[in-house]
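Numbered per this note's numbering, the sequence shown spans residues 1296 to 1824.
Since the structure comes first, as structure tokens, the remarks are kept for the end.
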Amino acid sequence: MGLTESLTQAVLIPINAQISERGLAVVAAVGFVSFIALSVFLNVLSQLLPQNPNEPPLVFHWFPILGNTISYGMDPYPFFFKCREKYGDIFTFILLGKKTTVYLGTAGNEFILNGKLKDVNAEEIYTKLTTPVFGTGVVYDCPNSKLMEQKKFVKVSLTTETFRSYVPLIVQEVTNFIKTSPMFKGPSGKTDLPAAMSEITIYTASRTLQGKEVRSRFNAVFANLFHDLDMGFTPINFMLHWAPLPQNRARDRAQRILSETYMEIIQERRSGNVPDENEHDLIRHLMAAVYKDGTPIPDKEISHMMIAMLMAGQHSSSSTSSWMMLNLAANPDIIEELYQEQIRVLGPDLPPLTYENFNKLTLNNAVLKETLRLHTPIHSILRKVKSPMPVPGTNFVIPTTHTLLSSAGVTARMEEYFPDPLKWDPHRWDAGAAGVQMGEIKEEHEDYGYGMISKGATSPYLPFGAGRHRCIGEQFASLQLGTIIATMVREFKWRLPDGVDKVVDTDYSSLFSRPLTPAMIVWEKREKN
1296 MGLTESLTQA
1306 VLIPINAQIS
1316 ERGLAVVAAV
1326 GFVSFIALSV
1336 FLNVLSQLLP
1346 QNPNEPPLVF
1356 HWFPILGNTI
1366 SYGMDPYPFF
1376 FKCREKYGDI
1386 FTFILLGKKT
1396 TVYLGTAGNE
1406 FILNGKLKDV
1416 NAEEIYTKLT
1426 TPVFGTGVVY
1436 DCPNSKLMEQ
1446 KKFVKVSLTT
1456 ETFRSYVPLI
1466 VQEVTNFIKT
1476 SPMFKGPSGK
1486 TDLPAAMSEI
1496 TIYTASRTLQ
1506 GKEVRSRFNA
1516 VFANLFHDLD
1526 MGFTPINFML
1536 HWAPLPQNRA
1546 RDRAQRILSE
1556 TYMEIIQERR
1566 SGNVPDENEH
1576 DLIRHLMAAV
1586 YKDGTPIPDK
1596 EISHMMIAML
1606 MAGQHSSSST
1616 SSWMMLNLAA
1626 NPDIIEELYQ
1636 EQIRVLGPDL
1646 PPLTYENFNK
1656 LTLNNAVLKE
1666 TLRLHTPIHS
1676 ILRKVKSPMP
1686 VPGTNFVIPT
1696 THTLLSSAGV
1706 TARMEEYFPD
1716 PLKWDPHRWD
1726 AGAAGVQMGE
1736 IKEEHEDYGY
1746 GMISKGATSP
1756 YLPFGAGRHR
1766 CIGEQFASLQ
1776 LGTIIATMVR
1786 EFKWRLPDGV
1796 DKVVDTDYSS
1806 LFSRPLTPAM
1816 IVWEKREKN
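The structure is reproduced here in structure tokens:
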């Protein structure tokens, strides 16, 4: 008998004896527990050994692969601040088996968000999430240069001229919803706010950005389809975007229905059976547009760009409008201040809102700014490291095996910039108030291929990001959300339900910071003169 046979028998005979005596299930369970224990032991041991001084410190974790995923995912901000206190602004944690290097503060935002294309890449990170939601050939499912062209095409609907036409359309959509929705039936009632705001934001966005024809096809069922798409943005889909999970099946069904709807609209227009009525119609503009190489935009890509355009703003606008309404419900005195501001600035007869007079409502705008500060829609922005990146002023070099993470929401919660940062206080933005300590900020602009935008990431207040991937819909979102709130203030008084003394907590189950549901308010319609 050879050595190999002897060793095999030495191992198998005791195992066979154990199986005979205790049963296969028990032995398998013991083996599994032993494997986990050994993995944990080796993982902890590796962290106790001397680390590479040229890499940021690694946040301690017990389990390999899982790492710090749970503590980060449950509530990112306490996790970030706790790590910052222990390790400083730069540290690495394990997220779903991936070494993720966080760089907090304004320097970190600048380092990551304004990283060069040769050093950082967003497409490789996000395409797994966005392509099943938006569709192929657009946003992160194409080269960055093509994405920049697509942004330029879309910007035709984001001009001062179009904004002037949007305000009355937004007001009309909000008031129609209030009149017709069972959520606001009667003179007073109680409503789950996020559900209502989700519909309002999708209706106002589709009517303004994509025209009457598209809006006419949208109803509560279509609003639910966008909700199903939104649920595709769950962290687990970084790994399991392909899996037949319930939310992924709903996502794929919603994407298919919406894509087919837009394709029908495009094909009807190409047939010449639809009159050319809307000079600001983005679909018609895209149908005539060509890429720099002379290639017309395929109808399928137009369809997917339409989905992306609404979805890119829907998750953030829906959650932000809900946070605004909820924080106001907890501070009904500010609702009355907003109402009185309109009377004082616009006149006691409350004339129709316009683009010009909307900008005069400073407290209304401050409510939006403060909500975006405390409830930054995206708490974590990720980039793939493509080449080793030295961190200025340190010995650290971020290797290509790491992912970078920037969190502008952390900076917006830092005491040094915003005293009492966890308090929602729109008056901190009042002229001469001490609630904002940002100092002098140098504004830099650059054209990444779709027009000049602010590239600076040195401000502690970056709710719309920075650099080449800065949100191009920033001004539209501000107009949309501000007009919605101004209209709601004209129509309602509202508050939190009896026995509820604070705003609901945040749901971090998707990539976006939205209110936990249900989030109820008690409302009462204002009497009309």
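Even glycine gets a Cβ: it sits at the ideal position worked out from N, Cα and C.
In the displayed model, residue 1790 falls within a strand according to three-state DSSP. With the rule of 3 Cβ pairs closer than 8 Å, the stretch 1396 to 1406 counts as touching the stretch 1704 to 1722. Comparing alpha carbon positions, the residue from 1643, 1646, 1780 and 1635 closest to residue 1663 is 1780.
Residue 1387 carries a strand assignment under DSSP once its states are collapsed to helix, strand and coil.
Measuring C-alpha to C-alpha distances from residue 1560 to each of 1417, 1582 and 1351 identifies 1582 as the nearest. Across the set 1645, 1444, 1499 and 1474, the C-alpha of 1499 shows the shortest separation from the C-alpha of residue 1460. The Cβ atoms of residue 1772 and residue 1489 lie no closer than 7 Å to each other.
Out of 1441, 1344, 1790 and 1762, the CA that lies nearest to the CA of residue 1588 is found in 1441.
Judged by their CB atoms, residue 1521 and residue 1497 are nearer to each other than the 7 Å cut-off. A straight-line Cα-Cα distance of about 43 Å links residue 1373 and residue 1556. Taking a C-beta distance under 7 Å as the contact criterion, residue 1641 and residue 1626 do not qualify as a contact pair.
For residue 1677, the enclosing beta strand (DSSP E) starts and ends at 1676 to 1680. Contact between residue 1509 and residue 1778 does not hold, since their C-beta atoms are separated by about 19 Å, which reaches or exceeds 8 Å. Shown here for residue 1666: same chain residues with a beta carbon closer than 7 Å to its own, the five before and five after excluded, namely 1615, 1618, 1619 and 1622 in chain order. Counted as a single uninterrupted DSSP element, the stretch harbouring residue 1464 is not any beta strand (DSSP E) but the alpha helix (DSSP H) occupying residues 1455 to 1475.
Per DSSP, residue 1407 has no beta bridge partner at all.
Residue 1618: member of the alpha helix (DSSP H) spanning 1594 to 1624, first to last residue. Distance check between residue 1504 and each of 1547, 1519, 1451 and 1798 places 1451 closest, using alpha-carbon atoms only.
The alpha carbon of residue 1795 has as its nearest neighbour, out of 1802, 1816 and 1585, the alpha carbon of 1816. Taking every protein chain shown into account, the CB of residue 1670 has 16 or more other CB atoms within 10 angstroms, so this residue is buried. Following the DSSP letters along the chain, one finds residue 1485 in no alpha helix (DSSP H) but inside the beta strand (DSSP E) bounded by residues 1483 to 1487. Per the coordinates, the alpha-carbon of residue 1544 lies some 28 Å from the alpha-carbon of residue 1416. Excluding its 5 nearest sequence neighbours in each direction, residue 1730 has C-beta neighbours in its own chain below 8 Å: 1713, 1714, 1715, 1720, 1722, 1723 and 1724, listed in chain order. For residue 1699, the enclosing beta strand (DSSP E) covers residues 1698 to 1701. Less than 7 Å separates the beta-carbon of residue 1599 from that of residue 1430.
Excluding residues up to 5 positions away in sequence, 1711, 1712, 1713 and 1714 lie with their Cβ nearer than 8 Å to the Cβ of residue 1732 in the same chain. When Cβ pairs closer than 8 Å are counted between the two stretches, the stretch 1644 to 1660 is seen not to touch the stretch 1801 to 1810, the count staying below three. DSSP places residue 1558 inside the alpha helix (DSSP H), whose first and last residues are 1541 to 1565. Bridge partners of residue 1416 according to DSSP: 1679.
The closest CA to that of residue 1524, considering only 1456, 1677, 1551 and 1818, is found on 1551. Taken atom to atom, the span from the alpha-carbon of residue 1597 to that of residue 1454 is near 20 Å.
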